[in-house]
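Inspection log for the structure reproduced underneath, given as structure tokens.
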Amino acid sequence: MDQPALPSFVLHPSWRGCTWPHAADTRAARILHENLTDACARAGLPDIASLPELGPLLDAVGGNSPYLSDLALRDTHAFADLLTDGADACVRHILSGLDALPPATARAEVMAALRVAKRQAALAIALADIGGAWTLEQVTLALSQLAENALGAAVRHLLLHAHDTGRLRLRNPETPCRGSGFVVLAMGKLGARELNYSSDIDLIILYDPDRHPGNGELRHTFVRMTSDLVTLMEARDANGYVFRMDLRLRPDPSATPAAVSFPAAIQYYESMGRTWERAAMTKARPVAGDITAGRRFLKSIHPFVWRRHLDFAVIDDLHDMKARIDRHRNAGHANLGSLPPEFIRDPDAAMGWLLGQNVKLGQGGIREVEFVAQALQLVWGGRRPELRDPTTLGALRRLRRAGLLEREQAAILARNYRMLRQAEHRLQMRMDHQTHTLPDTHDGFARFATFMLAPDAGSLSCGMLSVMQHSRRTFDLQFAESDAPDLTIAPEDADAADRLLEHGFPATDINDALVILNRWEGNRLRALRSDRARKLLRRLLPAIMTEIGKRRQPLTVLRRFDALLERQWAGVQFLSLLERNPALIHRIVTVLDCAPFLADHLAQTPSALDGLLDMDGGPGALGTVTALVRRHVAGAQSAEQVLPVLRGLVCGEEFRLSVARLEHRMSEERAARARTAMAETVIRGLLRVVSNEHRRRHGTVPGGSMAVVALGKAGSCEMMPGSDLDLMLVFDHPADAGESVVPATTPADGLMPRPLAAGTYYVRLAHAFVAALTAPGREGPLYEVDMRLRPSGSKGPVAVSLSAFRRYHAESAWTWERMALTRARVVAGPPALRCELRAAIATALGHGVRTPHERGQIVHDVRHMRERLARERPATSPWDIKRRHGGLMDVEFIAQGLQLLTTDPARRSQSTRLALLRLAHGGDITDADARLLRRADLFWRALQGLIRIICGSEVPDTIPAASLEILTGEFRVADAERLLARMDRMAASVREVFDRLLPPAPDT
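In terms of the numbering used here, the sequence shown opens at residue 167 and continues consecutively.
Here is the structure:
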């Protein structure tokens, strides 16, 4: 009788292009071939072991991994399907099977299904990895998805079981996870979707008690459920296990239960969270249970993880953590960075160094690459959301694009990471052990080299050690402490006075300086109460004192530095910032020496320091800061959420620009444009956020919208330090839109929107917008806002309709109001309304021919207004740049008055200097007068801007000598007398032009 035909066997194309390692153990490979032949016969399958095209694959598995050999023999049908269908299809099938596992399945069947899925997926993923069919990212993603889907199936089963037994009441038993409040938060490599082959899965189990009010047994229920989850995943039986679980990353694991409530976890992170926990949370991700609740929890601890201000202390924290790992764990050799090139090139020496080395925790290992990426993300990621990538390779790419890692550094770190992750997988695949340690014998290392597809052990050793050494040196650049000799000045040392003299302190100031240094050595300053802060200060003191000693009055500067230090809440963060950015010391001392007003501002507002980093086009440059504003605004749900971040960014940007001006590295024109660009970006973004909030409360007015008009210095793109925002808010809507329209459905928060009359709708929106701009915070308000230039001034409504604006300027506007309109610029709002509003402004300024009477009235009004201001608010000192005769106000009045006289809109511009140029081209003013006034405008604005940086908004009677050096350096004059003489000449020239172009009315 004929035997039934065996099914045909066709190898999937994805396996044909693979490169397989040779068998390190040829006997074991031969045994696999023999055993597989027998297994196929028992299973009624073709003898796949005899197929020549499968020989290299089977040799690679049998000769290198007893664990994978066992998996292939244990389920021969699944192995055959893997070979014919390919790894992609098999893994997809396994994952979809876990997703489809009914929650009501019996516990024993769930355990079996999870373990069978793990076995089959482990073999498929391993073969795709070993043969090179998948990239590292595909391998780690598949392992992570397997863990996620297994956890999801287990949690769904446990939640439904708790519901069926009466311990929980679920809102949707058919979808148990939704709204359950039970969250499985993946940490570490699972959170980042970078799981390794035999990895534990790091989890935090959380629950939201608000989802189950009145359940007094809730904590016990979820703790018991967590214990059952561990059993489902970890318990070993005839089918093996799924994943080992590690719950030790939860808050205070020695004192908290296995499942932690949301309030307890949030309170812990807000009050006691440490740097390593911040680093861990950068990879956190809800993977099972109530995913929405998990995301809500992560959002609540977002400020703990991503700090608004730059925190360079995190680098030292992670360095200390790595040092503890090196001290307390047997991670291998510790002299990698100092190995000479000839050692690296010697195969025997290189292999001897690598024997027994831990590729995860040892020097040049995986953890160092991760620490570099996480440290830079934690320092900068609070301000720069685009850096937040939980994957190590993704983070390295983003840091390189941001200029925070050099291209070569990022490349070597990525290369080392890929190489060691591959090595880690080969080590673990052999016996399914969670090991990261290289073989400690020459024979074992030779077998490992074979599995790694290396020609021989020596070439693998030299190649690995070279890459690891370069990676270690990059780590050292980021983390290693300075090994410079200790040259600090200790006040109790006998030579302390001589050292201060060497630094430039006058003999008469030595005793007072030593008193300050002695105060720093004690425990009197809050910022210096920790040993770490005092250690940092001692390392920095030589550089600080050298910089201070160069100043004209070093004791005064030292006292200001003492005041700055005294007001710091976190001395470690401040001093770490200086240590990691030595150029900041010079910039800060320059501020303390030359700009006492700015120095006080710096002491009161530590976030201002952030603006000093990378001042020449790096991460602190204008394009980056405005992009940061846009990103933060784009993700904001409310003004309250985004305002603290915006205040810090605006404050840091203002400080950056001010110091750049003090150091003469930026012109006043460029600084003014940067200030204005920042203000515009904030206005646009905040209007969008406030409008969205307003819509949620009051619906929308069909066809209606509101726009923002900037006037004054914001309108002319000439903002100075401390400039207010002169704004006007204009709205428009169809005549038949009487009130706002609210949606018929109830929103998610349960609060029904309330309709408003159209006019009231926009007035309230305007109030909310202005309130957001002016709301006080730690850094003060975003901006001071002046609305007095709107129609009817402070007596009129905060927001005016477009029709009312047109009517007012056609019938009632004063000349000074139309002068203000010459600098009006529409900066925010929908395009259609912006276009209409620009046309309305142009109409208000006038297109028609001026009669002699009208021209005379304009000249009279402009001059009369200037004379009245001179009487009521006269200049108080030569440094009153704006109000002195021939000063900045005279230049601006000339430009504004002449623009009202012209009939050609092309001769107008919001910019004073551009308006003067256009008026000259149109023949309204001579070229010589235009050149003088343009030069005067820039001269006065540059001088006034610097004086504001140095002294604040109050006009000084005198200016300190150190500050005068800044002014004389800006204008390249020898001393203050020559500067004052130049100011007088400029004022006289401007006044002569003013009297000629805007003459007094003739006596009648």
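Even for Gly, the Cβ is constructed at its ideal location relative to N, Cα and C.
On a predicted model such as this, the values are computed, not experimentally measured, just so you know.
Buried/exposed call for D1093, threshold 16 Cβ in 10 Å: exposed
Kindly indicate which three-state DSSP category L764 falls into: helix, strand or coil? helix
Give the DSSP bridge partners of I370, in chain order. For I370, which the question treats as bridged, DSSP gives the partners L351.
Residues that DSSP places opposite S871 in a beta bridge: Paired residues: D898.
CA-CA distance, L562 and H475? If I take the Cα positions, the gap works out to 21 angstroms.
With H, G and I counted as helix, E and B as strand and the rest as coil, what does DSSP make of L223? Helix at L223.
Ordered along the chain, which non-local residues of its own chain (more than five positions away) have a Cβ less than 7 angstroms from that of S637? Counting only Cβ-Cβ distances below 7 angstroms, and skipping sequence neighbours, we find G530, E534, V535, I578, L579, N582.
Rounding to the nearest angstrom, what Cα-Cα distance links L309 and V791 in this structure? 39 angstroms
Whole angstroms are fine: how far does the CA of R984 sit from the CA of P1126? Going by the C-alpha atoms only, they are around 40 angstroms apart.
In this structure, does DSSP put P785 in helix, strand or coil? For P785, the predicted model reports a pLDDT of 39, less than 50, meaning its position is unreliable; a value from the coordinates is still stated below. The DSSP-derived three-state label of P785 is coil.
Please say whether A189 and G228 have beta carbons closer to each other than 8 angstroms? yes
Please report the distance separating the alpha-carbon of E443 from that of L809. 26 angstroms
To the nearest angstrom, how far is it from the Cα of Y928 to the Cα of P957? 16 angstroms
Cβ atoms of H669 and G715: under 8 angstroms apart, would you say? Using a Cβ distance threshold of 8 angstroms, G715 and H669 count as a contacting pair.
Determine the direct distance from the alpha carbon of M886 to that of G1111, and round the result to whole angstroms. So the alpha carbons of these two residues sit roughly 6 angstroms apart.
Strand pairing of P452, partner residues [DSSP]: L351
Per DSSP, the bridge partner or partners of T603: N524
Should H798 be flagged as near chain B, meaning a C-beta pair shorter than 8 angstroms? Of the chains in the structure shown, none is chain B; there is only one protein chain.
Assuming V993 is part of the beta strand (DSSP E), what are its boundary residues? 991–994
Taking the beta strand (DSSP E) that A425 falls in, what are its first and last residues? 425–427
In terms of residue numbering, what span does the beta strand (DSSP E) encompassing A274 cover? In the DSSP assignment, A274 falls outside any beta strand (DSSP E) and within the unbroken alpha helix (DSSP H) covering 273–296.
Rounded straight-line distance, which links the Cα of A774 to that of V681: Distance between the alpha carbons of V681 and A774: 28 angstroms.
Rounded C-beta distance between A1010 and H975? I'm assuming under 8 angstroms. Correct: roughly 4 angstroms between the Cβ atoms.
From H591 to A319, what does the alpha carbon distance come to, in whole angstroms? 26 angstroms
Between G1210 and P919, how many whole angstroms is the CB-CB distance? I'm expecting something under 8 angstroms. As shown, the chain starts at 167 and ends at 1170. That puts residue 1210 outside it, with no answer to give.
Whole angstroms is fine: what's the gap from R402's alpha carbon to G528's? 31 angstroms
Beta-carbon gap between V408 and A316 smaller than 8 angstroms: yes
Taking all protein chains shown into account, do 16 or more other C-beta atoms lie within 10 angstroms of the C-beta of C256, making it buried, or fewer, making it exposed? buried
Just the Cα atoms here: how many angstroms apart are W1106 and L544? 43 angstroms
By the three-class DSSP mapping on this structure, what secondary structure does H876 have? The sequence shown places Ala at residue 876, rather than the His named in the question. Correct three-state label for A876: strand.
Look at the alpha carbon of E360 and the alpha carbon of H178, and state the distance between them as a whole number of angstroms. 27 angstroms
Indicate whether the contact test is met: 3 or more Cβ pairs, each with one atom in the segment 845–860 and one in the segment 796–809, closer than 8 angstroms. yes
Go to V408, then tell me how far its beta strand (DSSP E) extends in each direction, as first and last residue. Segment: none, V408 is in no beta strand (DSSP E) and carries neither H nor E.
Measuring straight from C-alpha to C-alpha, what distance separates D759 and L939? 32 angstroms
Residue closest to L224, alpha-carbon to alpha-carbon, out of A207, L211, R240, H199: H199
Return yes when the Cβ of D675 is within less than 8 angstroms of the Cβ of L721, no when it is not. yes
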